[in-house]
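Novice:
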Amino acid sequence: MSNKRKILIQLDTNSKASVFDAVVAIDAGVDHLLQYSNVKQEDVRSLVHGAMYTRGPQDLKHTAIFVGGGSVAHGEAIAQAAFETLHDPFRVSIMLDSNGSNSTAAAAVLCAQQHLEIRDSFSVVLAATGPVGQRVSRILANLGGKVFIGSRSKERAEETIDELVQADVERSRLIPLVSEDEEALTGALIRSQAVFACGAAGIRLLTAERLASASSLRVAVDLNAVPPEGIESIGVFDKAVERGNRVDYGALGVGGLKMKIHKASIAALFESNHRFLDCQEMLSIGTDILAQQNRGG
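Residue 1 is where the sequence shown starts when you use our numbering, and the numbers rise one by one after that.
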């Protein structure tokens with residue numbers, strides 16, 4: 001058994017590396033945290049080489065990379081550059097969770113899935129063009145659901161669908177929705193069993209009246225933690241709160257599972273040297289967490 005310490009290399013695209021991500025990493029069992037801020041694509045190669053060539057292949061599972069920061073697009077570019085730098089047998093595992101988008105999306109869908117069979121269901125994802133909304137949509141579609149891709153702009157909704165298709169999501173599962181078209185939004189909600197609000201902080205996307213009128217909804221998830229609520233009438237602390245035939249989750253109601261997924265994903269990085277943890281991997285990790293909870297573990 002190796003006595004190597006667990007080293008996590010935090011590549012953050014912000015001017016200051018995230019204290020939040022650092023604390024979670026330490027709580028997840030990391031022995032040494034190496035933080036780099038304001039990381040650009042041109043910096044990645046040399047930083048990753050430092051991770052690859054300082055330990056023998058048999059010990060590389062004790063070194064891992066975490067990519068974070070406020071910009072999901074920049075984080076994706078950094079993570080991809082890091083992955084492309086690796087080669088056999090000198091590989092280390094990578095986790096991408098810029099702005100918490102992957103762990104949040106996985107947790108949101110898993111909360112809904114506790115009350116609803118996703119396969120063959122319909123979901124409305126409001127602000128689906130944003131980083132969390134895209135990931136929620138991707139997970140739902142990959143689980144066999146059909147997803148209304150909500151955006152204020154039809155063009156942006158269609159662009160997002162194209163991007164999801166490039167990520168191997170079936171186009172037939174994705175339906176563009178202009179969320180400011182009241183008739184279109186009402187029609188989508190009437191057909192759907194779940195709605196997810198994934199917009200920017202403090203932006204209301206759905207009124208209480210419109211939510212109440214959608215009698216087919218079984219789950220509503222609002223990921224906005226800053227007033228006013230993304231979905232009016234859902235409290236930020238709501239966790240499986242029953243309102244008629246519907247179960248509601250607020251941002252902090254989802255947050256407990258999100259934190260468990262984040263910590264467990266960090267720990268999973270050190271199980272092997274070849275994992276790339278994105279929203280789908282974190283969904284699997286979250287599924288295992290819930291299964292263990294249900295067994296009383």
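Don't be surprised by glycine CBs; every beta carbon is placed ideally from N, CA and C.
Note that the coordinates shown come from a computational prediction; the quantities given were computed from them, not determined experimentally.
How big is the Cα-Cα spacing for residue 211 and residue 155?
Specialist: Taking the first residue of the sequence shown as position 1, residue 211 is located at position 211. Taking the first residue of the sequence shown as position 1, residue 155 is located at position 155. Looking at the two C-alpha atoms, the distance is approximately 25 Å.
Novice: Starting from residue 10, follow its DSSP beta bridges and name the residues at the other end.
Specialist: If you number the sequence shown from 1, residue 10 lands on position 10. The partner list for residue 10 (beta bridge, DSSP) reads 35, 66.
Novice: Applying the 10 Å Cβ sphere with the 16-neighbour rule, what's the burial state of residue 193?
Specialist: Counted from its first residue, the sequence shown places residue 193 at position 193. Buried: at least 16 other Cβ atoms inside 10 Å.
Novice: DSSP has residue 252 in a bridge; who is on the other side?
Specialist: The sequence position of residue 252 within the sequence shown is 252, counting from 1. BP columns for residue 252 are empty, so no partner.
Novice: What first and last residue would you give for the alpha helix (DSSP H) that runs through residue 158?
Specialist: For the purposes of this step, residue 158 is identified with residue 158 of the sequence shown, where counting begins at 1. That run of the alpha helix (DSSP H) goes 154–166.
Novice: Could you tell me the alpha carbon to alpha carbon distance between residue 204 and residue 129, rounded to whole angstroms?
Specialist: On the sequence shown, position 204 is the one that residue 204 refers to. On the sequence shown, position 129 is the one that residue 129 refers to. Taking the straight line from one Cα to the other gives about 16 Å.
Novice: Distance, Cα to Cα, residue 216 vs residue 74?
Specialist: Position 216 of the sequence shown holds residue 216. Position 74 of the sequence shown holds residue 74. Rounded to whole angstroms, residue 216 to residue 74 spans 38 Å at the Cα level.
Novice: Which residues in the same chain as residue 169 place their Cβ atom closer than 7 Å to its Cβ, once the five residues preceding and following it in sequence are excluded?
Specialist: What you label residue 169 is simply residue 169 of the sequence shown in a count that begins at 1. Within the same chain, residue 169 has close Cβ partners 138, 141, 142.
Novice: Note down the Cα distance separating residue 177 from residue 88, rounded to an integer number of angstroms.
Specialist: For the purposes of this step, residue 177 is identified with residue 177 of the sequence shown, where counting begins at 1. For the purposes of this step, residue 88 is identified with residue 88 of the sequence shown, where counting begins at 1. One C-alpha to the other measures close to 44 Å.
Novice: Do you know offhand how far residue 254's Cα is from residue 225's?
Specialist: Looking up residue 254 in the sequence shown gives position 254. Looking up residue 225 in the sequence shown gives position 225. Each residue's alpha carbon lies about 10 Å from the other.
Novice: Rank 219, 233, 105 by C-alpha distance to the C-alpha of residue 284 and give the top, closest one.
Specialist: For the purposes of this step, residue 284 is identified with residue 284 of the sequence shown, where counting begins at 1. The option with the nearest alpha carbon to residue 284 is 105.
Novice: Give a yes or no on contact between the segment 229–242 and the segment 258–266, applying the rule of three or more CB pairs nearer than 8 Å.
Specialist: no
Novice: How is the alpha helix (DSSP H) around residue 89 delimited, first residue to last?
Specialist: For the purposes of this step, residue 89 is identified with residue 89 of the sequence shown, where counting begins at 1. Careful: residue 89 lies outside any alpha helix (DSSP H) and carries neither H nor E.
Novice: Of all the options 30, 15, 42, 23, which has the alpha carbon lying nearest to the alpha carbon of residue 36?
Specialist: Working through the sequence shown from its first residue, we reach residue 36 at position 36. Ranking 30, 15, 42, 23 by Cα distance to residue 36 puts 15 first.
Novice: Tell me whether the beta-carbon of residue 11 lies closer than 7 Å to the beta-carbon of residue 67.
Specialist: Working through the sequence shown from its first residue, we reach residue 11 at position 11. Working through the sequence shown from its first residue, we reach residue 67 at position 67. Yes; because the gap between Cβ atoms is below 7 Å, this pair is in contact.
Novice: Nearest by alpha-carbon distance to residue 20: which of 99, 4, 3, 82 is it?
Specialist: For this step, residue 20 is matched to residue 20 along the sequence shown. Selected option, being the one with the closest Cα: 99.
Novice: Could you check which residue in 263, 7, 113 has the C-alpha nearest to that of residue 24?
Specialist: The residue labelled residue 24 in the question sits at position 24 within the sequence shown. Answer by Cα proximity: 263.
Novice: Taking the Cβ atom as the reference point for each residue, do residue 40 and residue 270 lie within a distance shorter than 7 Å?
Specialist: Taking the sequence shown and counting its residues from 1, the one referred to as residue 40 is at position 40. Taking the sequence shown and counting its residues from 1, the one referred to as residue 270 is at position 270. Going by C-beta atoms, residue 40 is not nearer than 7 Å to residue 270.
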